[in-house]
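Report on the structure given below.
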Amino acid sequence: MTLDELRIGHTGVITKVGGFGPLRRRLLDMGLTPKTTVFVRKKAPLGDPIQLFLRGYELTIRLEEANKIEIIEVK
Amino acid sequence: MNLTFALVGNQNSGKSTLFNKLTGSSQHVSNFPGTTIGKTEGKLIAQADIKIIDLPGIYSLSPNTPEEIVTRDLLLRDKPNAIINIIDTTNIERSLYLSLQVMELNLPMIIALNMMDEFVTSGSSIDFQKLQDILGVPVVPISANKSEGLDELIECAIKLAAANTLPKRIDFCSGETHRAIHTVAHLIEPKVRAKGLPLRFSATKLIEGDEPIAEELQLTPNEVDIIAHVTDDMEKALDTDREAALADMRYSYIEQLCSDTVHKAGETVAQARSHIIDKYLTNKYFSIPIFIFTMGLVFWLTFNVIGAVLSKWLAVVIKDVTVYADNALDASGVSAPIHSLVIEGAFTGIGTTLSFLPIIVTLFFFLSLLEDTGYMSRIAFVMDKLLRKIGLSGCSVVPMLCGFGCSVPAIMSTRNLTSERDRKMTIILMPFMSCSTKLTIYSVFIAAFFPDHAAIVMLSLYLLGILIAVISSYLLKICVYKGNPVPFVMEMPAYRLPVAKNIVMDVKEKAIDFINRAFTVIFLASIVIWFLQNFDLRFNMVTSAEDSIIASIGMMIAPFFAPLGFGHWHAATALVTGLAGKEVVVSTLAVLTGAGQHDLISPVALGQIFTPLSAASFLTFILLYIPCVAALTTMYREIGSLWQVFLIMCYEVAIAWVTAFLVYRVGLLLGFQ
């Protein structure tokens, strides 16, 4: 599944980061690398973007970007 | 000892706080050449021969954003005597990602572990000695907010710079990436040395596919082939691509490093507090009402209470000074032109402009409060989806809203946007947000022509401005800013108490910047407009406004507006003088129609020039055409290119003309007059 499908309060581990160019590099630079554990904190009131917790900090990304990140949900 | 230190760090790392504490009031703000990206320089309080450069907050040295590019260029070319890399210790893992890249630059470098107090209070700890030994660069714990550890930091930086001590290790790789980086480094070594670039940095970046470095080194096709080959091998062996491989290499190293040296007890007080506050401030139902309330309060306090009162006081002072100067000139018996130049040109021009100052100061006080506490990031998060519809990101919402008050501070406030594309687009769209001085024109015309439909006309004008902004952003997207926008990948910082010094410095910088322009460009522009108003084409002083140069210009360009329904030269002249400030449109019309000096203009007088429909067309034109001189100079200050400002002006006139034309012609077809 992809990160945008992960529900609020759930955790996943990144398997692959898609996309290309500066966008992809930015995601990687911010620590969204394979094997990283990501927790979905909340959604913005209008449903997009989402707030994540990873590597000890809070990050917000749009669903469009989250859709490019493949994950495995951790129960 | 003349030394230059560069301050490098992530956004929200406390970089500005550190910079403000170190440099005090000796700051100088400029833009990187050809960009809208600001660079602040200052002298160390304790030692004036040490210069500190505050660079933009960045997360990586990859050339992803203009901010990263200029930072990296500065570090590579200017080679500061030492780099102070400031890190948010409560977020050490992600922060060290930039540090590892900065270390590759092979310049004397020191890591400042900021927010140490907060980190330690939460029960967490760091083994500094071990961290320092492993990384091979000095590590100094500080708390910029509380001014702790700053002396040690500077002492250490001076020592490093004086001895030119380079990082002891720059090798963080293992296995396949290690092999690739070293092979490439070996290959390009002669070229890199000749260019004076750091070897390790160049090799890593070439493997990442970094184009600027490849161009700089002018690689031969053979070398390009070898690098591609080495990279392919690495990708195959690791079963991933080059970019992910190197990001993974750095983060893996950092994970190991942190597990050896950092003991994290859990969330800090600030982080835990932020979750509670965000339960309300980014809540599904409350967040938008809270945002609207907050902005409403800021605007009310700025434009109605504090700023307005201060403006009134300032106006009284300016008036007193003007009267005093007027009397003094009368007494000394100087000639009429000089008298008029000083009083009507200089004093009025500067007076009008300075009356903006209290608004700017008050507004920036509140905006920097919102920024410093961390609420601005929440606004961006909450409003992003809405703003994306006009091609911007949530970060632009506050500047855009400020545009409804006054374009000048609104354009200045775009400085805080982290993406250059967003910044430029926001600046270009700003003038379409109907500012408060245009309101005076609307009120006069609405009272004269649409007294029964006041609210609907007013609302239509504001909505039309927003509609044109949406259309313009769409045009910009397909014509100018093609390609993908910078992604909205934004860190959500913890809420922190604002630092008084940051706010004072921010407000002061904006005020000084504005005063500088008021006394230079805007002053000159006022003199020019005064000259045009008071002299005829033979440079004789005129007694009647009709003979002035500006009236001649008005008569000359009047036919241009005839298709829009207001071809009378009075209207054209008012549009030209309106460049000095939109409220001048009303006073010009008052003077030209003979209503006297009171700025009060009668419906009868306006009725000689406009029909209700042509009045609507005129208001449309006023809404959309070129903003005032103060806004234009601010635009130039932020964009940094006269040519681009000129293009924007042409666009504004064109869109104003077309829209007013449509309003008038469609109105005629529908049977309005």
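Each protein sequence line maps, in turn, to chains Z and R. First residue of the first sequence: -10, per the working numbering; consecutive thereafter. First residue of the second sequence: 167, per the working numbering; consecutive thereafter. All C-beta atoms in this analysis are idealised placements derived from N, C-alpha and C, irrespective of residue type, glycine included. These figures come from a predicted structure and were not determined experimentally.
{"Query": "Residue environment, glutamine 763 of chain R, which counts as buried when at least 16 other CB atoms sit within 10 Å", "Result": "For glutamine 763 of chain R, the pLDDT reaches just 47, beneath the cut-off of 50, and the residue's location in the model is therefore unreliable, although a value from the coordinates is still provided. It is exposed - the Cβ of glutamine 763 of chain R has fewer than 16 other Cβ atoms within 10 Å."}
{"Query": "Continuous beta strand (DSSP E) stretch holding serine 196 of chain R: start and end", "Result": "193 to 197"}
{"Query": "Contact list for the region 33 to 49 of chain Z against chain R, Cβ threshold 8 Å", "Result": "Ala33, Pro34, Leu35, Gly36, Asp37, Pro38, Gln40, Arg44, Gly45, Tyr46, Glu47, Leu48 and Thr49"}
{"Query": "Inter-residue spacing [alpha-carbon to alpha-carbon] between threonine 460 of chain R and serine 477 of chain R", "Result": "22 Å"}
{"Query": "Range covered by the beta strand (DSSP E) that runs through glutamate 77 of chain Z", "Result": "Nothing about residue 77 of chain Z can be reported from this structure: the residues present for chain Z run from -10 to 64 only."}
{"Query": "Burial state of leucine 629 of chain R (16 or more Cβ within 10 Å)", "Result": "exposed"}
{"Query": "Classification of lysine 181 of chain R by the beta-carbon crowding that lies within 10 angstroms, buried from 16 upward", "Result": "buried"}
{"Query": "Close Cβ partners of isoleucine 634 of chain R (< 7 Å) along its chain, the five nearest in sequence each way excluded", "Result": "Phe598, Leu790, Ile821 and Thr825"}
{"Query": "Secondary structure, alpha helix (DSSP H): runs of 4+ residues fully inside the region 327 to 351 of chain R", "Result": "none"}
{"Query": "Three-way DSSP call (helix, strand, coil) for glutamine 384 of chain R in this model", "Result": "coil"}
{"Query": "Through-space distance from asparagine 470 of chain R to leucine 463 of chain R, alpha-carbon basis", "Result": "10 Å"}
{"Query": "Residue span of the alpha helix (DSSP H) that contains glutamate 818 of chain R, given as start and end", "Result": "808 to 835"}
{"Query": "Interface partners of glycine 7 of chain Z on chain R, CB under 7 Å", "Result": "Near glycine 7 of chain Z there are no residues of chain R at all, since even the closest Cβ is about 10 Å away, more than 7 Å."}
{"Query": "For glutamine 699 of chain R, three-class secondary structure by DSSP", "Result": "helix"}
{"Query": "Beta carbon proximity, isoleucine 58 of chain Z to chain R, threshold 8 Å", "Result": "no"}
{"Query": "Inter-residue Cα distance where the pair is glutamine 810 of chain R and alanine 796 of chain R", "Result": "17 Å"}
{"Query": "Neighbourhood of aspartate 492 of chain R by C-beta distance below 7 Å, restricted to the same chain and skipping five residues each side", "Result": "Ile509"}
{"Query": "Residue-chain proximity (aspartate 398 of chain R, chain Z), Cβ-Cβ < 8 Å", "Result": "no"}
{"Query": "Cβ pair serine 228 of chain R, tyrosine 263 of chain R closer than 8 Å", "Result": "no"}
{"Query": "Proximity test, Cβ basis, 8 Å: glutamine 763 of chain R and chain Z", "Result": "In this prediction, glutamine 763 of chain R has a pLDDT of 47, which is less than 50 and means its spatial position is unreliable; nothing more can be read from the coordinates."}
{"Query": "Short CB-CB distance (under 8 Å) between glycine 54 of chain Z and chain R", "Result": "Looking at the sequence itself, residue 54 of chain Z is glutamate, so the reference to glycine does not match. Interface residue, yes."}
{"Query": "Delimiting residues of the alpha helix (DSSP H) encompassing glycine 569 of chain R", "Result": "563 to 569"}
{"Query": "Beta carbon of phenylalanine 532 of chain R nearer than 8 Å to that of leucine 467 of chain R", "Result": "yes"}
{"Query": "Sequence-distant residues of its chain with Cβ nearer than 6 Å to valine 832 of chain R (five each side left out)", "Result": "none"}
{"Query": "Serine 425 of chain R versus glycine 1 of chain Z - alpha carbon distance", "Result": "21 Å"}
{"Query": "Reduced DSSP secondary structure (H/G/I, E/B, other) of phenylalanine 616 of chain R", "Result": "coil"}
{"Query": "Partner residues on chain R for threonine 22 of chain Z, Cβ-Cβ distance less than 8 Å", "Result": "Ala410, Ala413, Asp414 and Tyr417"}
{"Query": "Cβ pair methionine 269 of chain R, isoleucine 336 of chain R closer than 8 Å", "Result": "yes"}
{"Query": "Burial state of tryptophan 479 of chain R (16 or more Cβ within 10 Å)", "Result": "exposed"}
{"Query": "Same chain, Cβ closer than 7 Å to threonine 183 of chain R, neighbours up to 5 away in sequence not counted", "Result": "Ala310, Asn311, Val665 and Asn668"}
{"Query": "Segment limits, alpha helix (DSSP H) that includes phenylalanine 547 of chain R", "Result": "541 to 554"}
{"Query": "Nonlocal neighbours in the same chain, by C-beta distance under 7 Å from alanine 403 of chain R, ignoring five residues either side", "Result": "Glu342"}
{"Query": "C-beta neighbour in chain Z for aspartate 538 of chain R, strict 8 Å", "Result": "no"}
{"Query": "Lysine 76 of chain Z classed as buried or exposed, judged by whether at least 16 other C-beta atoms fall within 10 angstroms", "Result": "Given a span of -10 to 64 for chain Z in the structure shown, any question on residue 76 of chain Z remains unanswerable."}
{"Query": "Three-state secondary structure (DSSP) of glutamine 763 of chain R", "Result": "Note on glutamine 763 of chain R: pLDDT 47, under 50, position unreliable in the model; no value is reported."}
{"Query": "Beta-carbon neighbours of arginine 260 of chain R, restricted to chain Z and to distances below 8 Å", "Result": "Met19, Gly20, Arg44, Gly45 and Tyr46"}
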